[in-house]
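> Okay, so the sequence shown: first residue is 886 according to the numbering used here, each after it adds one. Have a look at the structure that comes next, please.
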Amino acid sequence: MSPLAQGALSSQDEEDDNPFVAGKVLGAHLRHLRRSNGLALKDVAPQIRASISKISRMERGESPPREKDVLDLVRFYGVTDPDHLDEIRELLRQSQSQTWLHQYSDITPGWLKRLIGLEDSATEIRSYEVHLVPGLLQISDYTRAIIKAAMPHATEEEIQRRLDLRRLRQRLLDRATPPRLTFLLDEGILMRPVGGPHVIRQQLQHLHRLSEHDGVGIQIVTFEKGASIGPGAPVAHMAFPAHGPSELIYLEHINSALYLSKRSDVESYRHVLDELAVVAETRRRSRVLLEKAIEKFRSQEQG
């Protein structure tokens, strides 16, 4: 196997069988094999009856790989060594592995499953949230209020399973080496009484505690300063280690999401986040704003 692939497989060993990392590593190796054979994407696509865009997504690790497609491609590239093929099959196994997320597959749409995997493999996440506290920072009662509002007829068991899934996703913050995290929050989040005064006060207190940790940056974008900059929907920029796409943009909608990796798209949204970071309140001033909101809702509880 090539030095590039060997390095990729070595890197994968350190990622605890993360299926999304394995997919990116496998994609990088497929790209290496294609280029080593002097082939363009248009030369390869017909071999598996796929479009050029599908091959491109596979190589960027953005499309779940099918075993038949991968094995047909590597054989077309001239890979016949049994050990090399076994290593590729192992990457395939890892990319399709049944992790803890599998038990929640019935309540996890594909776009959310992909987000969770990307969060787990990112080295840096920077996001802007407009309406709600980001999922990684939510307390259970706050999440419960959101679920009940969106699913008024959900049973307690259905709600609890979604709460369990959210808690498992939040283990990211407890890792020995979590990604660098920066959350830019629209000021409206501090004023929106999700779950009532008691719940939102507890949620804001949780944000205040998290903001005191070096690894978690929480900054408020005020109405005045963010009015002409902030997008109308949540956006996140994620950076990743080598052997795959280096960065990606996540755009969230009500029941779906977009993942952008085209350089011009990434640069455009990264520029928006850069501008928001400039006008956002400092971490210290953001804590002051949180404290004021906490006191406001405490007064409402007592009143």
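For each residue, glycine too, the CB sits at the ideal point set by N, CA and C.
Out of ASP966, ALA1142 and LEU1095, state which residue places its alpha-carbon closest to the alpha-carbon of PRO994.
Selected option, being the one with the closest Cα: ALA1142.
> If you draw a straight line from the C-alpha of MET1036 to the C-alpha of ASN1140, how long is it?
Cα to Cα, MET1036 sits roughly 13 angstroms from ASN1140.
> Rounded to whole angstroms, what is the Cα-Cα separation between SER921 and ILE1134?
Cα-Cα distance, rounded: 29 angstroms.
> Considering only the alpha carbon of each residue, which of ARG1172, LEU1021, GLY1100 and LEU911 lies closest to PRO1064?
The option with the nearest alpha carbon to PRO1064 is GLY1100.
> Exposed or buried, what is PRO967 when buried is set at 16 or more other beta-carbons lying within 10 Å of its beta-carbon?
Label assigned to PRO967: exposed.
> Should ASP1005 go down as buried or exposed, given a rule of 16 or more other Cβ atoms within 10 Å for buried?
Under this definition ASP1005 is a buried residue.
> Can you tell me which of the three DSSP states TYR1027 falls into?
Of the three classes helix, strand and coil, the one that applies to TYR1027 here is helix, per DSSP.
> In angstroms, rounded to a whole number, what distance separates the CA positions of GLU1097 and LEU1070?
Roughly 16 angstroms between the two C-alpha positions.
> With a threshold of 16 other CB atoms inside 10 Å of the CB of MET1076, please say whether the residue is buried or exposed.
With fewer than 16 other Cβ atoms within 10 Å, it is exposed.
> Using alpha carbons as the reference points, say which of ALA1162, PRO1078 and VAL1084 lies closest to GLY1102.
Checked all of ALA1162, PRO1078 and VAL1084; the closest Cα to GLY1102 is ALA1162.
> For ARG916 and GLU952, which I take to be in contact (beta-carbon distance under 8 angstroms), what is that distance rounded to the nearest angstrom?
That pair is no contact at about 18 angstroms.
> Does the distance from the CB of GLN1088 to the CB of ILE1024 come in under 7 angstroms?
Closer than 7 angstroms, so yes.
> Please look up how many angstroms separate the CB atoms of HIS1138 and ALA1121, rounded, as I've assumed it's under 8 angstroms.
About 13 angstroms separates the two Cβ atoms, so there is no contact after all.
> Please identify the residue among PHE1125, PRO1126 and VAL1157 whose C-alpha is closest to the C-alpha of LEU1136.
Measuring from the Cα of LEU1136, the nearest candidate turns out to be VAL1157.
> Terminal residues of the continuous alpha helix (DSSP H) containing LEU956?
952-961 is the span of the alpha helix (DSSP H), which, as asked, contains LEU956.
> For PRO931, count the other beta carbons within 10 Å of its own beta carbon; 16 or more makes it buried, fewer makes it exposed. Which is it?
When all chains shown are included, PRO931 counts as exposed.
> What is the rounded straight-line gap between the Cα of ALA1014 and the Cα of PHE1068?
In the sequence as displayed, the identity of residue 1014 is Glu instead of Ala. If you take the alpha carbons of GLU1014 and PHE1068, they lie about 8 angstroms apart.
> For ARG1085, which option in ARG1029, GLY1115, PRO1116 and ILE1114 has the closest C-alpha, if you only look at C-alpha atoms?
Looking at the sequence shown, residue 1085 is not Arg but Ile. Ranking the options by Cα distance to ILE1085, first place goes to ARG1029.
> Mapping the DSSP letters down to three states, classify VAL1106 as helix, strand or coil.
Correct three-state label for VAL1106: strand.
> Buried or exposed for ARG1056, please, with buried defined as at least 16 other CB atoms from any protein chain shown within 10 angstroms of its CB.
ARG1056 is exposed by the Cβ-count criterion.
> Would you call ILE1179 buried or exposed, if buried means 16 or more other Cβ atoms sit within 10 Å of its Cβ?
Classification of ILE1179: buried, given that the 10 Å Cβ count is 16 or more.
> From which residue to which residue does the beta strand (DSSP E) around ARG1077 run?
Note, ARG1077: premise wrong, no beta strand (DSSP E); not H, not E.
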